[in-house]
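Remember, our numbering sits 1014 above the position in the sequence shown when you count from 1. The beta carbon of each residue, even a glycine, is placed where N, CA and C say it ideally should be.
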Amino acid sequence: MILLISDLHLEEKRPEITRAFLRFLETRAIEAEALYILGDFFEVWVGDDGMTLFQHEIARALKALSQHGTRIYLMHGNRDFMIGKAFCREAGCTLLADPHIAQLAGERVLLMHGDSLCTRDEGYMRLRRWLRNPVSLFILHNLSLAKRQKLAKKLRSSSKEETRMKASDIVDVTPDEVASIMQRYKVRTLIHGHTHRPATHSLQIDGQAAIRIVLGDWDRKGWALQVDDSGFHQAPFDLN
1015 MILLISDLHL
1025 EEKRPEITRA
1035 FLRFLETRAI
1045 EAEALYILGD
1055 FFEVWVGDDG
1065 MTLFQHEIAR
1075 ALKALSQHGT
1085 RIYLMHGNRD
1095 FMIGKAFCRE
1105 AGCTLLADPH
1115 IAQLAGERVL
1125 LMHGDSLCTR
1135 DEGYMRLRRW
1145 LRNPVSLFIL
1155 HNLSLAKRQK
1165 LAKKLRSSSK
1175 EETRMKASDI
1185 VDVTPDEVAS
1195 IMQRYKVRTL
1205 IHGHTHRPAT
1215 HSLQIDGQAA
1225 IRIVLGDWDR
1235 KGWALQVDDS
1245 GFHQAPFDLN
């Protein structure tokens, strides 16, 4: 059994999500061969050197799971793209590139966070290109921790305001981009998060049946996609 989750947006201000996640690690995840976390694991990440006691606690819980035998894979999201090697060493997880090809249920599956598929959101895509540019990342990593924290707070505030004002289709994936990247990687299954719209979508890629599975975010419910011999199954569960 393999589990995939995304968009927990862990932060100290939402202890119920943290408690649910720690229970998830101790119950379902401990029985899994592997756990994939496809981005926005934390609400914000300003650098491994800025880790809080809360974030160290999460790292310790992941490390305990990995030591029990569950392989843990982590992908950057748009909120935590500055997670680095130091956190991964402490948490016992492997950092994946976005996109990433994994072998799941006997087939090649494309894993992504999902924000790069939202190409109709031109303002966000410009910001994403700037933030992920190696030069920009170098500059960000070399800012003082206080400046990074201030910048992250400003970006979060402006992002929430802008998202409220955008049409729903603008902040969802672009169908043509989905088809394009699935054709490029020659896959029939794509799994991603980011949009907070859990569902399984049927589509056609080069005349063949394909699916796009959108992982759910952890807000009023928790969500996990389970992959086993019978296929792909996503279901919500109570956070309490």
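Does the beta-carbon of residue i have 16 or more other beta-carbons within 10 angstroms, so that it is buried, or is it exposed?
i, result
"Asp1135", "buried"
"Leu1151", "exposed"
"Thr1203", "buried"
"Leu1036", "exposed"
"Pro1113", "buried"
"His1070", "exposed"
"Trp1232", "buried"
"Gln1117", "exposed"
"Asn1092", "buried"
Can you check DSSP and say which residues form a bridge with residue i?
i, result
"Thr1066", "Thr1066 is not bridged to any residue."
"Pro1250", "Trp1237"
"Val1123", "Ala1116"
"His1206", "Val1228"
Grouping DSSP H, G and I as helix and E and B as strand, with all else coil, what is residue i?
i, result
"Thr1084", "coil"
"Thr1032", "helix"
"Arg1162", "helix"
"Phe1055", "coil"
"Arg1037", "helix"
"Glu1045", "helix"
"Met1196", "helix"
Quick check on this structure: which residue in the options has the alpha carbon closest to the alpha carbon of residue i?
i, options, result
"Ala1238", "Asp1252, Ile1225 and Val1187", "Asp1252"
"Ala985", "Glu1040, Gln1222 and Leu1125", "Because the chain spans 1015 through 1254 in this model, residue 985 falls outside it and cannot be assessed."
"Arg1074", "Gly1064, Cys1107 and Ile1097", "Cys1107"
"Tyr1212", "Gln1163, Gly1230 and Ser1171", "Here residue 1212 turns out to be Pro, not Tyr, going by the sequence shown. Residue Gly1230 is the option with its Cα nearest to Pro1212."
"Glu1047", "His1247, Asp1242 and Asn1254", "Asp1242"
"Val1058", "Gln1248, Phe1095 and Ile1019", "Phe1095"
"Ala1193", "Ala1224, Lys1168, Ala1166 and Asp1186", "Ala1224"
Can you check whether the C-beta of residue i is within less than 9 Å of a C-beta belonging to chain C?
i, result
"Gln1081", "Any reference to chain C falls outside this structure, which holds one protein chain only."
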